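Peer 1: Structure provided below as structure tokens; questions to follow.
Chains as they are written, first to last, in the numbering used here: chain A, 1 to 641; chain B, 642 to 1282.
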């Protein structure tokens, strides 16, 4: 808390800017993605998704709700679910990052319009909701379990922080501060002793404290974190575990209940722990992350094994065909891991971010950026039907990507993540640069003592495994370039500026020297396709294997199989390594035919007939269903021994 | 439809009495269970469960709602969910069967009290609900999706039929007829074109038509069956498939959506088809049953693979750890299979009834009859906590049997099934008797031409496989005694009255002769424990086996494992047959230790360390958790090859 509350220079345009911790983030002005996989996704986000989201929210009246409040007619009828305000805020955050992004588009007009709508609906005391507290509506804070008022504030405040970091003081930031002041006045030590059914206000208030230097926002966030876990929210069919209100954060063993709720809360707890120096709380969340990743996370990085309650399952309960793995849980997982990475520097957090970005966040949007997976299953048994581009899906689980949902958190959450993606690539620790994610990029940073350094990254990753880092601006003193070696990258090699080649192990490799401008460091990652198998306690995938290639999870998809054969006929032979033929991964296996008996459980010994061996093509999981309705599976049964 | 509407002799006291079909049911006065497995369950039901259910409904005000209607104060506050009336009706049905049951207890007092409460709350035009249509409540039929008014009527009418068959004309039957008349007047051809979100009125109206001979009840049931499947109910997050309102009954391929809804509807469709001679409709439901059993049914007979929507999953989607397999779906499955058995005589329907009775319906109640599983999982990963005997579970999925639920259909559904169980044992086709289920029993029946015959059944089934049928009353003409040979009973033998022993195959074995009183027919079924494995498309249990013994599915339960070892450590060796040592089944296998890595998906080739081979005890699935909190699994992984 070193900044003054009157400053208008808000530091780097980055989603989380802790005042302490092992690593410091860079901003969207410091890191520019210039080409490759993520540049393509950012372009689609900028040119299609942002407009798509605004259009749907205008069309459905979710933005109009704010006007209805101002005009005093919201009590006569309101559009959308009780938390639809938050979608306008998430999109405002996305528009702010897009504006701040080097090479981004000018989103000012839309952002100003949305800000104006929101600002005019704010009550004089800072309260702001289109669902509660206005004439003809339920009173404020009368439904903390499901009302989502504080959740909406959290997204509003994140948008306010983003816009301040993008352009300095502005109306949205003022609205966010008034909301936060209202929250502190209402829910403080002597106020309402409640918490929101959906965490999100916690990380937002810490971020606002970081932005403004106001201690009271941090104190309020800490209060909310500590209040949770005492079963003060109502017991419902889903139990208080749904709200993570069953065990206090600092005493919990693992993330549980509703996945997005649990992850947002954990992110906020890390923020509080870092800013208050609460090492016990930080260690508790690190332990929860570790257990959750070891026991409750899909191969894709997806989290949430239950459709019921959109929640984590028990340890090792990871059914591929019932994976919920909500897109927003992927976004929230990146938020949590990023905060832990900044706090600790441990590359395991960057590993999970990479896995989740490539296989959850990137899987959600269609190639055109105008339809989205809400649920990211790992096994699709039925082809389903392509939703109309003109219809709202009432269901999270649609068979294919949908243009919009009755609960439409995922499109906006994808949008804000894509727009701010460059912020997750590189950090500084004052003594050098740490490259966590690999993409064509231009990076500039200030090291301790005001030393300015710059590097250019060039790579065809993840298609190819070679990453070249060329030093631009530097000085005559040594500094350290750190490169993450992903956990799967056994056999990686580093080429030093002097041409020396050496093997490097998964983790982090450091190159410390006096760099000259033009020096090149190269990391060669082995992105050959490889078999992986699951801990035997993951019952749902026993006897199967999956194939990964670099950070990509692959899958078999019905359009690649001959004739009427379904993906469930595929058997693979793990004694033959998968091959990469001009970018097309092939595995050796067979297609079996299984007869249907009247009763599917028979005396042991029946084996389906294997047909002749064949080569089976795989595609990146994040592209599946882009060719239309399809069946798909990630985990492939072994051929009979 | 041969009976007159003025008769007061209502035929056998049996839940379904079709006027046509291959087999005819016997009544509770004709078949008496005298000992063994089911006699024990019936005694617990009579002496504990019935009273338990009444007590809870009085205590929670579900019965009191009817008084509140009469007193005009229901608008001020109502207890329970919108369908709680149906629980009072289900229990009234149970009390009626208990009263009718040979050897049953006298339930008249409670039955009269409940009937009085219900009767006084009925509107002059027959309408009857404590949740709609009274002062201060939503208007009648304003929420067909979720209001459950017609569903409640269905259970009321079933109770009315049961009480009529138990004791002749009475007040409850009059109430039921007035409700049915109101339904015909309101929802007839020229009336409201609606259907209820929850089927149940359909089989009930047919049964009332069978009881009374009134054609209009049958016509109305047929109307409701035909109206469904045209998406007239609202599209919700669960899709109209939840209501089976996506495809007309006669065009559907398989049961789908909410399992209990789908099964009640199918039962009603069979009733309509049988009474109207609609062979196309009957064949459609037979086909749906066949596909559902082949692809969407658990080893236990449980139906419903999704917690979300309490619904069927896709074909072969049968995760043991997320099995919903609601107790009520088991009850409903028995209802459906029983109707198909009566219509066709095909023993496959009796096979599924047996499996479901032993492994779903019998698994639900605790040994003391005062706590119940709502969900019948096949794999429990966490021990959970024993619910207080004094508390209502807000959740269907409690870790162990609960005394009562916020939605408490299962206890009452178990009660009515247990009380009427004898009706499912034996039928007649006029030319003889068909024994479908085996228990100590006394059976009397009238064959064609008024011939009276009687048999006594003695058996220690399912513990032992020998079933002895001794002929009592008979005459000097031949008749046929038919015995079902279960589908698993390879190696069964029949001993004829003359002592000749012959092998018999699964299906039905007939003994046709002139019987003498005292003649004995014996069926020897091999109830040695046996390995079974699943169709390879049941992904969730790949690489595992289960053990069955006779009709019982077995499981491993944590109290039987040494020390801290969890059921998930069990590996079994299917090359060694399971053994039965004095009634205790043991399998050969080992207990493995699995180390937890930070990331549970690793390069192929890692195998857990097997410890020394050991004998692992199994217990009947229907007894699990009777020793307190436990982990449990039915499907056991093979030892590594």
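All C-beta atoms, glycine included, are put in the ideal place defined by N, C-alpha and C.
Keep in mind that this is a model prediction, so the values were computed, not measured.
Once the 5 residues before and after residue 745 of chain B are set aside, which same chain residues still bring their CB inside 6 Å of it?
Peer 2: 739
Peer 1: Short check: CB of residue 420 of chain A to CB of residue 442 of chain A, under 7 Å?
Peer 2: no
Peer 1: So, under 8 Å CB-CB, residue 231 of chain A and residue 249 of chain A are touching, yes? Tell me the CB distance rounded to an integer number of Å.
Peer 2: 14 Å between Cβ atoms; not a contact.
Peer 1: Residue 418 of chain A to residue 329 of chain A, Cα distance in whole Å?
Peer 2: Distance from the CA atom of residue 418 of chain A to the CA atom of residue 329 of chain A, rounded to whole angstroms, is 15 Å.
Peer 1: Residue 440 of chain A: which of A:462, A:449, A:430, A:450 sits nearest, CA to CA?
Peer 2: A:462
Peer 1: Rounded to a whole number of angstroms, what is the C-alpha to C-alpha distance between residue 7 of chain A and residue 202 of chain A?
Peer 2: Below a pLDDT of 50, predicted positions are generally treated as unreliable, and residue 7 of chain A, at 43, falls in that range; the measurement from the model is reported next regardless. Rounded to whole angstroms, residue 7 of chain A to residue 202 of chain A spans 23 Å at the Cα level.
Peer 1: So the beta strand (DSSP E) residue 642 of chain A belongs to, where does it begin and stop?
Peer 2: Outside the displayed span of chain A (1 to 641) sits residue 642 of chain A, for which this structure offers no information.
Peer 1: Roughly how many angstroms lie between the CA atoms of residue 1014 of chain B and residue 1038 of chain B, to the nearest whole one?
Peer 2: 8 Å
Peer 1: Taking Cβ-Cβ distances shorter than 9 Å, what residues in chain B pair up with residue 289 of chain A?
Peer 2: Simply none; closest approach about 10 Å.
Peer 1: With 7 Å as the threshold, decide whether the Cβ of residue 543 of chain A is near any Cβ in chain B.
Peer 2: yes
Peer 1: For residue 994 of chain B and residue 976 of chain B, I'd like the C-alpha separation in whole angstroms.
Peer 2: 9 Å
Peer 1: Residues of chain B with a CB under 7 Å from the CB of residue 321 of chain A: which are they?
Peer 2: 958, 1180
Peer 1: My assumption, with CB atoms under 8 Å, is that residue 807 of chain B sits in contact with residue 849 of chain B. Please give the rounded CB distance.
Peer 2: Their Cβ separation, rounded to whole angstroms, is 15 Å, which puts residue 807 of chain B and residue 849 of chain B out of contact at 8 Å.
Peer 1: Between the beta-carbon of residue 1173 of chain B and the beta-carbon of residue 1189 of chain B, is there less than 7 Å?
Peer 2: Cβ distance < 7 Å, so residue 1173 of chain B and residue 1189 of chain B count as in contact.
Peer 1: Excluding sequence positions up to five away, which residues of its chain have a Cβ less than 6 Å from the Cβ of residue 412 of chain A?
Peer 2: Only 53, 87, 90, 91 meet the Cβ criterion.
Peer 1: Step through the CB atoms of chain C and report whether any lies within less than 7 Å of the CB of residue 38 of chain A.
Peer 2: Annotation note: the requested chain C is absent from the structure, which comprises protein chains A and B.
Peer 1: Could I get the ranges of all uninterrupted alpha helix (DSSP H) runs contained in the segment 691–718 of chain B, with 4 residues as the minimum, in chain order?
Peer 2: Within the segment 691–718 of chain B, the complete alpha helix (DSSP H) runs of at least 4 residues are 691–700, 705–711.
Peer 1: Residues bridged to residue 27 of chain A by DSSP?
Peer 2: Answer is none; residue 27 of chain A lacks a bridge partner.
Peer 1: Please state whether DSSP places residue 1189 of chain B in a helix, a strand or coil.
Peer 2: Here residue 1189 of chain B sits in strand by DSSP.
Peer 1: Bridge partners for residue 454 of chain A per DSSP, in chain order?
Peer 2: A:444
Peer 1: Step through the CB atoms of chain B and report whether any lies within less than 7 Å of the CB of residue 634 of chain A.
Peer 2: no
Peer 1: Three or more C-beta pairs closer than 8 Å, one from the segment 611–626 of chain A and one from the segment 975–992 of chain B: is that the case here?
Peer 2: no
Peer 1: In the DSSP assignment, find the alpha helix (DSSP H) that holds residue 176 of chain A and state where it starts and stops.
Peer 2: 171–187
Peer 1: If you count every other CB in all the chains shown that lies within 10 Å of the CB of residue 390 of chain A, and 16 or more means buried, which is it?
Peer 2: It counts as exposed.
Peer 1: Can a CB atom of chain A be found closer than 7 Å to the CB of residue 1175 of chain B?
Peer 2: Closer than 7 Å: yes.
Peer 1: Spatial neighbours of residue 1219 of chain B within its chain, please: C-beta separation below 6 Å, excluding the five flanking residues on both sides.
Peer 2: 1170, 1188, 1226, 1228
Peer 1: Based on DSSP bridge pairs, tell me the residues matched to residue 1196 of chain B.
Peer 2: Its beta-bridge partners are B:1260.
Peer 1: Whether or not the segment 368–386 of chain A and the segment 316–333 of chain A are in contact is what I'm after, with contact meaning three or more pairs of Cβ atoms, one per stretch, closer than 8 Å; do they touch?
Peer 2: yes
Peer 1: Identify which residue in B:946, B:1157, B:786 has its Cα closest to the Cα of residue 840 of chain B.
Peer 2: Of the candidates B:946, B:1157, B:786, the residue whose Cα lies closest to the Cα of residue 840 of chain B is B:786.
Peer 1: Taking a contact to mean a Cβ-Cβ separation below 7 Å, would you say residue 1121 of chain B touches residue 1151 of chain B in this structure?
Peer 2: With contacts defined as CB atoms closer than 7 Å, residue 1121 of chain B and residue 1151 of chain B qualify as a contacting pair.
Peer 1: So is the beta-carbon of residue 908 of chain B under 6 Å away from any non-hydrogen atom of the ligand FAD?
Peer 2: The ligand FAD is not part of this structure, which contains no ligands at all.
Peer 1: For residue 1172 of chain B, go through chain A and note every residue whose CB falls closer than 8 Å to its CB, in chain order.
Peer 2: 603, 604
Peer 1: Residue 394 of chain A touches chain B at which residues, Cβ-Cβ below 7 Å?
Peer 2: 876, 877, 878
Peer 1: Among B:941, B:948, B:988, which one has its Cα closest to the Cα of residue 626 of chain B?
Peer 2: Outside the shown range of chain B (642 to 1282) lies residue 626 of chain B, about which nothing can therefore be said.
Peer 1: Where do the ends of the beta strand (DSSP E) carrying residue 1120 of chain B lie?
Peer 2: Note, residue 1120 of chain B: beta strand (DSSP E), 1120–1126.
Peer 1: Let's test the definition: count the other Cβ atoms within 10 Å of the Cβ of residue 192 of chain A and tell me whether it reaches 16, buried, or not, exposed.
Peer 2: Counting C-beta atoms within 10 angstroms of its own C-beta, residue 192 of chain A has fewer than 16 neighbours from the protein chains shown and is therefore classed as exposed.
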